[in-house]
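Line by line, the protein sequences are chains A and B.
Just so you know, the first sequence maps onto residues 1303 to 1524 in my numbering.
Just so you know, the second sequence maps onto residues 1303 to 1524 in my numbering.
Each residue gets a CB set at the ideal place from its N, CA and C atoms; glycine is no exception.
None of the values given here were measured: they were computed from a predicted structure.
Below is one structure, written out as structure tokens; comments come after it.
There are 2 protein chains.
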Amino acid sequence: MNNLNILIEVNQDLYCKEPTSSELGQKILLKSIELIDEIGFEAFTFKKLGVAINSPESSIYRYFKNKHMLLVYLTSWYWSWTEYQIVLATTNVASAKKRLTKAISILTRPAMENTSVPYINEVLLSKIIISESIKSYHTKNVDEENKKGYFATYKSVVHRVSDILLEIKPHFEFPNMLISTIIEGSHHQKYFASHIPSLTDITTKKNTIEQFYTKMALNFIK
Amino acid sequence: MNNLNILIEVNQDLYCKEPTSSELGQKILLKSIELIDEIGFEAFTFKKLGVAINSPESSIYRYFKNKHMLLVYLTSWYWSWTEYQIVLATTNVASAKKRLTKAISILTRPAMENTSVPYINEVLLSKIIISESIKSYHTKNVDEENKKGYFATYKSVVHRVSDILLEIKPHFEFPNMLISTIIEGSHHQKYFASHIPSLTDITTKKNTIEQFYTKMALNFIK
DNA sequence: GCATTATTGATAGTAATACTATTACTTTTG
DNA sequence: CAAAAGTAATAGTATTACTATCAATAATGC
């Protein structure tokens, strides 16, 4: 284990017992990501996860209240990790415009191999975020959960990048709308590219999605 | 009943028995929309719907294979209805740019009172589409369901508006990406405005979302 | 007007899901 | 080495997501 896990923080209300603190907890994180990716969030159950990690489901319930909270945890972890990537890539870069394109690149590019933490497979987690993360906040309890700060890491990313935008164009009216549109939009486009391609414009050249959203942002601020 | 229901068509594979053809079927449509809006799609069950319309759940299963198919049906109906609105608003308008802004307006503006069909409450249906429709295609069976044409009406709307874009800028690289980004984006922004407002830029003036996405599209084609 | 057929109602039943509870065993750690 | 913490094993409940059967009723064809 390295020191990255102190940098990546999630709201303590998201779990019953901190999953990073024990072997079982880490196994839960590792295997749940694989299993959700494999069978989808709807079909995913703590029972099946228990079989996969050879532990009774009741043990998993000691870490997470239910599968919804596990998804919120994973999503929150992802955004905290993403913010860290953005911070790394933008500190000491003087040009705000360069910082902006760098941040957009991180938000829209395909996930890369990364072994920062042993109990999280970032590539699979990125896949889950693309196809399942909307389910973490499209629920009847959003308002309550938002109040409790469940989506704080997501908001933090949006506001951080919005602030760069405002450095470039101080009186821009829609910084948060633009950034959240880019984030959600790039997820949708990646999903569509894999499953409903006629809703996109896939080409043979790479990074179409990144190019599109970078252009969109730059068009807006010029 | 008026003749609009012949204009609004959905794929026949979406239902077991055509719900518009009988009183019970129409009650199912009407009440399911109310109930999904009220308790959310996760908590919605055919059992609860049966209680609401005073029919056994087994009768509902004769119309729809399961609640997922009901959601796909409602979503498909919504896009067919939306396409009809776009057609109405753009026929005989010579200027492609005017047709584009009109179409974007329809796609991004708040839902309006409309009593075109007695068994569908369009305002409530719009609310459901905003908060639940992603769940109709974010499943493990997307690929299969896409092949069967379950999402045809949605694609049709996107392609229709993309074509207007291409009239204005014939070699534009990303027409579908831009339009699907606007559609999904405006839904997200409406949802965020109600539930996670700090991800948006809400102001006192009206039509912020429409303005934002219109500006986005026009920025791209100039 | 009556038989056939389609449609709905009523009831029952099953496997899986989403949990909660209890007790016993095994590690840590102080 | 004892106390505490963590985990396993098992059992049990209410709800969900269906399927099946049969009776009652309404619509339609002749």
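*asked:* Below 8 Å on C-beta distance, what does Tyr1439(B) contact in chain A?
replied: Counted from its first residue, the second sequence places residue 1439(B) at position 137. Per Cβ cutoff of 8 Å: His1497 and Ile1498.
*Cα-Cα separation, Lys1437(A) to Lys1437(B)*: The count along the first sequence starts at 1 and reaches residue 1437(A) at position 135. The count along the second sequence starts at 1 and reaches residue 1437(B) at position 135. Roughly 8 Å separates the two Cα atoms.
*Just checking, does the segment 1486 to 1498 of chain B make contact with the segment 1421 to 1440 of chain B on the three C-beta pairs under 8 Å criterion?*
These segments touch.
*For Ser1464(A), which option in Thr1502(A), Ile1484(A), Glu1447(A) and Asp1445(A) has the closest C-alpha, if you only look at C-alpha atoms?*
Counting from one through the first sequence, the residue named residue 1464(A) turns up at place 162. When only C-alpha atoms are compared, the closest one is Ile1484(A).
*Sorted by chain position, which residues of the same chain lie with C-beta nearer than 7 Å to Ile1523(B)'s C-beta, five sequence neighbours on each side aside?*
As a working mapping, residue 1523(B) is identified with position 221 in the second sequence. The answer, listed in chain order, is Leu1467, Ile1470, Lys1471 and Phe1474.
*Are the CB atoms of Glu1336(B) and Ala1354(B) nearer to each other than 9 Å?*
Taking the first residue of the second sequence as 1, we reach residue 1336(B) at position 34. Taking the first residue of the second sequence as 1, we reach residue 1354(B) at position 52. Cβ atoms of Glu1336(B) and Ala1354(B): closer than 9 Å.
_Whole angstroms are fine: how far does the CA of Leu1480(A) sit from the CA of Thr1502(B)?_
Here residue 1502(B) refers to the residue found at position 200 of the second sequence. Here residue 1480(A) refers to the residue found at position 178 of the first sequence. One C-alpha to the other measures close to 8 Å.
_Proximity to His1370(A) [Cα-Cα], best of Glu1512(A), Lys1449(A) and His1440(A)_ = Working through the first sequence from its first residue, we reach residue 1370(A) at position 68. Checking every option, the nearest Cα to that of His1370(A) belongs to His1440(A).
_Contact residues within the segment 1474 to 1508 of chain B, judged by C-beta distance below 7 Å to chain A_ = Glu1475, Phe1476, Pro1477, Asn1478, Met1479, Ser1482, Thr1483, Glu1486, Gly1487, His1490, Gln1491, Phe1494, His1497, Ile1498, Ser1500, Leu1501, Thr1502 and Asp1503
*Quick one: complete alpha helix (DSSP H) runs, 4+ long, within the segment 1441 to 1508 of chain B?*
1444 to 1449, 1454 to 1470 and 1477 to 1497
*asked:* I'd like the span of the alpha helix (DSSP H) that includes Thr1377(A), first residue to last.
replied: Numbered from 1 along the first sequence, position 75 holds the residue referred to as residue 1377(A). Per DSSP, Thr1377(A) belongs to the alpha helix (DSSP H) from Lys1369 to Thr1392.
*Rounded to whole angstroms, what's the CA-CA distance from Thr1322(B) to Tyr1386(B)? Just pull it up for me.*
Your numbering for residue 1322(B) matches position 20 in the second sequence. Your numbering for residue 1386(B) matches position 84 in the second sequence. Approximately 18 Å between the Cα atoms of the pair.
*Phe1366(B) at chain A interface by Cβ criterion, 9 Å*: For the purposes of this step, residue 1366(B) is identified with residue 64 of the second sequence, where counting begins at 1. Not one chain A Cβ lies under 9 Å of Phe1366(B).
*asked:* For a contact defined as C-beta to C-beta under 9 Å, what are the partners of Ala1345(A) on chain B?
replied: Counting from one through the first sequence, the residue named residue 1345(A) turns up at place 43. Ordered by position in chain B, the residues that pass the 9 Å Cβ test against Ala1345(A) are Lys1442.
*Between Ile1511(A) and Val1459(A), is the Cβ-Cβ spacing less than 9 Å?*
What you label residue 1511(A) is simply residue 209 of the first sequence in a count that begins at 1. What you label residue 1459(A) is simply residue 157 of the first sequence in a count that begins at 1. Taking 9 Å as the Cβ cut-off, Ile1511(A) and Val1459(A) do not qualify as a contacting pair.
*What number of angstroms, rounded off, separates the C-alpha of Asn1478(A) from the C-alpha of Ile1498(B)?*
Your numbering for residue 1478(A) matches position 176 in the first sequence. Your numbering for residue 1498(B) matches position 196 in the second sequence. Spanning the two alpha carbons is a distance of roughly 11 Å.
*Can you name, in chain order, every residue of its own chain whose Cβ lies under 7 Å from the Cβ of Phe1348(B), other than the five neighbours on each side?*
Taking the second sequence and counting its residues from 1, the one referred to as residue 1348(B) is at position 46. Correct list, in chain order: Glu1359, Ile1362, Tyr1363 and Lys1369.
*If we cut at 9 Å on Cβ distances, does Val1312(B) have a partner in chain A?*
By one-based count along the second sequence, residue 1312(B) stands at place 10. Chain A contact via Cβ: absent.
*CA-to-CA distance, Ser1378(B) to Val1312(B), given in whole angstroms*: For this step, residue 1312(B) is matched to residue 10 along the second sequence. For this step, residue 1378(B) is matched to residue 76 along the second sequence. Computed Cα separation, rounded: 6 Å.
*Is Asp1315(A) close to chain B, meaning its C-beta is less than 9 Å from at least one C-beta of that chain?*
Within the first sequence, the letter at position 13 stands for residue 1315(A). Taking Cβ atoms only, chain B never reaches closer than 9 Å to Asp1315(A), which makes this a no.
*Please decide whether Phe1522(A) counts as near chain B, where near means a Cβ-Cβ distance under 9 Å.*
As a position in the first sequence, residue 1522(A) is number 220, starting the count at 1. Interface residue, yes.
_Strictly under 9 Å for the Cβ-Cβ distance: is Ser1433(A) near chain B by that measure?_
By 1-based counting over the first sequence, the position of residue 1433(A) is 131. Chain B contact via Cβ: present.
*Candidates Lys1319(B), Leu1372(B), Lys1508(B) and Arg1462(B), of which the one nearest Ala1391(B) by Cα*: To locate residue 1391(B), count along the second sequence from 1; it is residue 89. Minimum Cα distance to Ala1391(B) is reached at Arg1462(B).
*Rounded to the nearest angstrom, how far is the Cβ of Phe1453(A) from that of Ser1482(B), given a contact under 8 Å?*
Your numbering for residue 1453(A) matches position 151 in the first sequence. Your numbering for residue 1482(B) matches position 180 in the second sequence. With a Cβ gap of about 24 Å, Phe1453(A) and Ser1482(B) do not count as contacting.
*How about Thr1403(B) and Leu1520(B): are their beta carbons less than 9 Å apart?*
Translated into positions along the second sequence, residue 1403(B) becomes position 101. Translated into positions along the second sequence, residue 1520(B) becomes position 218. Yes; because the gap between Cβ atoms is below 9 Å, this pair is in contact.
*Under the rule that 16 or more other beta-carbon atoms within 10 Å means buried, what is Ala1345(B), buried or exposed?*
Translated into the one-based positions of the second sequence, residue 1345(B) becomes position 43. Ala1345(B) comes out exposed.
_Here's the rule I'm using: 16 or more other beta-carbon atoms within 10 Å means buried, otherwise exposed. How should Cys1318(B) be labelled?_
The residue labelled residue 1318(B) in the question sits at position 16 within the second sequence. Counting Cβ neighbours within 10 Å, Cys1318(B) comes out exposed, since fewer than 16 surround it.
*What residues of chain A sit near Ile1436(B), judged by a beta carbon separation below 9 Å?*
The sequence position of residue 1436(B) within the second sequence is 134, counting from 1. By Cβ distance, chain A contributes Ile1436, Lys1437, His1440 and His1490.
*Output, in sequence order along the chain, the residues in the segment 1352 to 1377 of chain A whose CB is closer than 8 Å to any CB in chain B.*
none
*State the CB to CB distance for the pair Ile1422(A) and Tyr1515(A), rounded to an integer number of angstroms; the pair is presumed to be in contact (CB under 8 Å).*
Along the first sequence, one-based indexing puts residue 1422(A) at 120. Along the first sequence, one-based indexing puts residue 1515(A) at 213. With a Cβ gap of about 25 Å, Ile1422(A) and Tyr1515(A) do not count as contacting.
*Leaving out the 5 sequence neighbours to the left and right, which residues in its chain are closer than 6 Å to Thr1332(B) when beta-carbon positions are compared?*
For this step, residue 1332(B) is matched to residue 30 along the second sequence. Rather than Thr, the amino acid found at residue 1332(B) in this sequence is Leu. Closer than 6 Å at Cβ, skipping near neighbours: Tyr1421.
*With a CB to CB cut of under 6 Å and the five nearest residues on each side skipped, what residues in its chain are close to Leu1373(A)?*
Within the first sequence, numbered from 1, the residue matching residue 1373(A) stands at position 71. Excluding residues within five positions, the ones whose Cβ falls inside 6 Å are Ser1438.
_Buried or exposed (CB count within 10 angstroms, at least 16 for buried), Lys1507(A)_ = What you label residue 1507(A) is simply residue 205 of the first sequence in a count that begins at 1. Classification for Lys1507(A): exposed.
*Can a CB atom of chain B be found closer than 9 Å to the CB of Val1451(A)?*
Locating residue 1451(A) in the first sequence gives position 149, counting from the first residue. The question names Val, but residue 1451(A) is Gly in the sequence shown. For Gly1451(A), the answer is no, since every Cβ of chain B falls outside 9 Å of its Cβ.
*Rank Pro1412(A), Lys1449(A) and Phe1476(A) by C-alpha distance to the C-alpha of Lys1517(B) and give the top, closest one.*
Stepping through the second sequence from its first residue, residue 1517(B) is reached at position 215. Looking at the Cα atoms, Phe1476(A) is the closest of the given residues.
_Helix, strand or coil, according to DSSP, for Lys1399(A) in the structure here?_
Working through the first sequence from its first residue, we reach residue 1399(A) at position 97. Helix.
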